[in-house]
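Student:
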Amino acid sequence: MIDLLITGLVLGFSAGISPGPILALVITETLAHGVHSGIKVAFAPVFTDAPIIAAAFFLLAKLSGFKNILGLISVTGGFFLLFMAYESIRTKNPAPVSDGGRPKSLIKGIFANLLNPSPYLFWISVGCPLMLKSMSKGVVGPVLFIGGFYFSLIGSKVSLAMLVGRSKAALGGMGYRYALRLMGLALASLAVVLFWDGFKLMSG
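Residues 0 to 203, numbered by numbering that gives the first Met the number 0, are exactly what the sequence shown covers, in order.
1. What are the start and end residues of the alpha helix (DSSP H) that includes Tyr114?
2. Express the C-alpha separation of Ala54 and Ala31 in angstroms, rounding to a whole number.
3. Helix, strand or coil for Gly108, going by three-state DSSP, please let me know.
4. So, under 8 Å CB-CB, Ala111 and Phe78 are touching, yes? Tell me the CB distance rounded to an integer number of Å.
5. For Phe194, would you say it is in contact with chain B, using Cβ-to-Cβ distances shorter than 9 Å as the test?
6. By how many angstroms is the C-alpha of Val25 removed from the C-alpha of Lys156?
7. In whole angstroms, give me the CA-to-CA distance for Ala43 and Ser133.
8. Would Met161 and Thr27 qualify as a contact pair, given that the criterion is a beta-carbon distance under 9 Å?
9. When the distance is taken between beta carbons, is Gly11 closer than 9 Å to Val163?
10. Would you kindly work out how many angstroms separate the C-alpha atoms of Val191 and Ser117, rounded to a whole number?
11. Where does Lys39 fall in DSSP's three states?
12. Using the C-alpha atoms, what's the distance from Ile16 back to Phe57?
13. Ends of the alpha helix (DSSP H) at Ile123?
14. Short of 7 Å in beta carbon distance, which residues of its chain neighbour Val216, apart from the five on each side in sequence? Order them along the chain.
15. Starting from the C-beta of Leu152, find all residues in its chain whose C-beta is less than 7 Å away, skip the five residues before and the five after it, and write them out in chain order.
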């Protein structure tokens, strides 16, 4: 059982620090709206992954042509990231803390995660098969795996948000704008990757 916990911790940490839409959004939202906004994005998988895991179990058991569905999700995610990139690049000044507006960071994170095929592919190819294999010995193993996975996944992204928040204080106005534009370009690059993956999945 401990081996499943360790496996979950390792896979979660690896997914947490891997470049992708959620990681880029954690950095972008932290730079734009502060550490709390970045942390909200980091917790997005808590709200999105239950249906993703359920869908992965369903796809493994029933659906044969799921590549088209994943491809469509990926292309839609590309458009979403392009919009996020545009918002990031056009930002000129730090958002006021008490402006009465809400950055909606959690909602952005939820959409980014739902429209990213990586969680679907992970749970279909790695996560769900591991849990199905271990279920013959009871439910403790899968619970430990999921617990370790999300502890590392979210913990690594929260740590990153706190680190970026500290560095943000050292950025001047110009440095802040350049940092946001750099992250906007990173989001745009990830959008291109999602477009590529989506079209490849649909044509495969």
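Quick reminder that beta carbons are idealized off the backbone N, C-alpha and C, glycines included.
Tutor: Walking through what the data contain:
1. Checking the sequence, you will find Leu at residue 114 rather than Tyr. Note, Leu114: premise wrong, no alpha helix (DSSP H); not H, not E.
2. 33 Å
3. helix
4. That belief does not hold up - the Cβ atoms of Ala111 and Phe78 are roughly 12 Å apart, past 8 Å.
5. Included in the structure is just one protein chain, with no chain B present.
6. 7 Å
7. 27 Å
8. no
9. no
10. 14 Å
11. helix
12. 28 Å
13. Premise fails: Ile123 is in no alpha helix (DSSP H) and is neither H nor E.
14. Because the chain is modelled from 0 through 203, residue 216 falls outside the range shown and cannot be assessed.
15. Gly11, Ala14, Gly15 and Pro44
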